[in-house]
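Notes to accompany the following structure.
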Ligand code: ADP
Ligand code: MG
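In this note's numbering, the protein residues as written are 15 to 766.
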């Protein structure tokens, strides 16, 4: 049985409703060692016969056998496998990759077969020498003459090293001298292969062919020399190890991942004009997608500026509440570090007081405002002066006629009482007044509040009162525990009680067997939001109706019924604690994420207020409108990019037809394309990031653009990169689908 046998094979072409016969009822037996020349006038079916034999075209009738196996049931991928294993093609139009060098073109055939790099290097160089192109091996094919190109095509066919070599008009474009060289080469090759050559120039081959087939009107009309085979068939193989290689080949893996990557990278850069065009398209894609991304993000921030928070009344979108992760109070060093950190516009040390407003009042005036430290005062008062003593404050509010009354200047220097939650009172004096500017309707609620600026010392007092009234204090006495109210009628300070002692009402005596409590210990335990404190005190005694005034220095027991007295120092041990909560204000909400990251790394718990707000135009509505808009725009960008890229990469169609002809499958081809587009896309992205960087360091300067771009954090850059890579993958997928829709031959025909 021969290598190829055709039995009554017919092939029809269908185009525009017309059926044309390519070949009809062809019977043929071909074997290894033959040098077959097919001739005939134009349109006689030579190419069709060759394409059927080489599996590039299907046939409709009859049966073709390959080494005895039927092929009528073959699928496209069966024929692809057949071509990869058996067929090397040489075309009139060469079908080389013109942007590759001679060496690269020849090596490509072996790379697609997954050969070892060392093997490729040696064999490719041998073959290039054989076809006489060694000195041109690093020259791009586009710079070669027609004869040289045809020799490259033959070299490539040799590199593929298959049992069958087909050539369609291999000398058609060559001058007679080059043609002669090609004929000699083919003759040489045919010693151990089946070589089939189609030509209408039979003269050139007459002296070399072992067999001549003449066609007319799709039929074989003459077949001479069948059986007259070269006598060198078995001995002296052209390339030494060849017969064993043929066995070996079938088991060989296809193209390696490394080669796919390498080809993808090479394709990216080997046509500079194309590379730059693609890059421009991707820069457009990167710009459009990032602009959409920023728009969505920015919109969310804009919404945050219109909200409020029920717990942190003094809401500001720039405000970030922090506490230390180890839950210890802030130290001076903490404050300094935070106050001087980049992008900190304002720092509120006493955050827990910032949301609690206090009243100051006397007989003629009262004022209600949030508590701030004098250190937050950034300008001279409009009336009066800066505070000098610890008991002096500055008021800040609108001069609207009722906040400060008709004559604000009259308030200066007067004494007022500060009343805080726990009934703790301090006397303070107003040193100065600041008139806040009325910024009109657009200004949102959070800036409209009045403020009172206190000294650090006064604030410590207010804070002590706040802790005392907002904590739970229990007293454990002789095994029984009770909760104490702090303030009048409960736990109270008294200077008459020595440090370390506690004075109780006489009712507590009954808790003890002997009938008196004095000399026993009690344990006071305070649980506050941020700290726990225990204190053991000795009962100095109890007071009754008669002893009350003497022991406490107070009058009128009826007003002090049930009170428990401790020394002011012990009271401070329980309640005079530092500040555990502060607020950082960022200079711009777009820096919020960065600030949050920095604070978390610096050992703080962080609450970003603008992420916990209520507002009328909630974020979901923004997502419902804005996000689909962004997606639609991105899709539009995707399709625009796809069509432009398809135009730019038109010649890639021929490239992929060529590699398919050399036996590359769909998947590796797709991956090569993917590498190219991802690489292009990532270079565009890198340029984009470089541009941002230049903007940051001030070389490029576009305020508006900057405002847009600084919204992006590291996470956003990663997300953007992923979006872009996905787009590149999808575009390459679409592109490859459109290429693989037509057969390799079809792609060539289209191009021709
Ligand atoms: P040759 O190579 O000898 O010039 P072909 O094999 O190309 O001949 O063509 C044989 C016949 O098939 C011709 O009649 C030609 O018109 C027809 N034919 C070839 N290719 C196609 C095609 N793609 N579509 C329609 N008819 C075709
Ligand atoms: Mg032809």
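Note that the Cβ used here is the ideal one computed from N, Cα and C, for glycine as well.
Cβ distance (whole Å) where residue i is taken to contact residue j below 8 Å
i	j	result
residue 115	residue 165	That belief does not hold up - the Cβ atoms of residue 115 and residue 165 are roughly 14 Å apart, past 8 Å.
residue 507	residue 482	Incorrect: roughly 10 Å between the Cβ atoms, too far for contact.
residue 300	residue 698	5 Å
residue 478	residue 590	5 Å
residue 65	residue 686	No, residue 65 and residue 686 are not in contact; Cβ-Cβ is about 25 Å, not under 8 Å.
residue 31	residue 229	About 26 Å separates the two Cβ atoms, so there is no contact after all.
Any non-hydrogen atom of ligand 1 closer than 7 Å to residue i Cβ
i	result
residue 27	yes
residue 34	yes
residue 56	yes
Rounded C-alpha distance that separates residue i from residue j
i	j	result
residue 146	residue 653	47 Å
residue 141	residue 199	11 Å
residue 531	residue 495	15 Å
residue 180	residue 674	16 Å
residue 16	residue 291	52 Å
residue 642	residue 648	10 Å
residue 677	residue 170	12 Å
residue 688	residue 275	9 Å
residue 412	residue 448	8 Å
residue 309	residue 597	28 Å
residue 541	residue 384	25 Å
residue 709	residue 279	30 Å
residue 386	residue 466	6 Å
residue 349	residue 621	17 Å
residue 682	residue 269	7 Å
residue 410	residue 356	27 Å
residue 137	residue 208	21 Å
residue 96	residue 731	47 Å
residue 639	residue 306	13 Å
residue 517	residue 407	36 Å
residue 158	residue 122	18 Å
residue 429	residue 377	10 Å
residue 277	residue 23	39 Å
residue 752	residue 666	12 Å
residue 339	residue 365	16 Å
residue 487	residue 329	31 Å
residue 705	residue 656	25 Å
residue 707	residue 729	16 Å
residue 183	residue 215	8 Å
residue 131	residue 690	22 Å
Option nearest residue i by Cα separation, candidates the options
i	options	result
residue 93	208, 68, 57 and 664	68
residue 558	476, 389 and 519	519
residue 735	708, 707 and 700	700
residue 659	297, 62 and 125	297
residue 126	102, 709, 144 and 143	102
residue 415	398, 450, 443 and 332	450
residue 223	204, 512, 419 and 359	204
residue 80	43, 62, 55 and 52	43
residue 431	380, 55, 644 and 553	380
residue 491	524, 480, 468 and 537	537
residue 403	471, 433 and 285	471
residue 172	190, 143, 194 and 155	143
residue 587	550, 743 and 389	550
residue 150	118, 131, 123 and 128	118
residue 513	480, 546 and 553	553
residue 311	286, 706 and 607	607
residue 545	54, 667, 341 and 446	341
residue 294	585, 696 and 748	696
residue 358	692, 679 and 602	602
residue 440	110, 325, 373 and 547	373
residue 59	37, 443, 273 and 212	37
residue 34	86, 405 and 232	232
Quiz prompt | Beta carbon nearer than 6 Å to a non-hydrogen atom of ligand 2 | solution = Shown in chain order are the residues whose CB sits closer than 6 Å to a heavy atom of ligand 2: 60 and 61.
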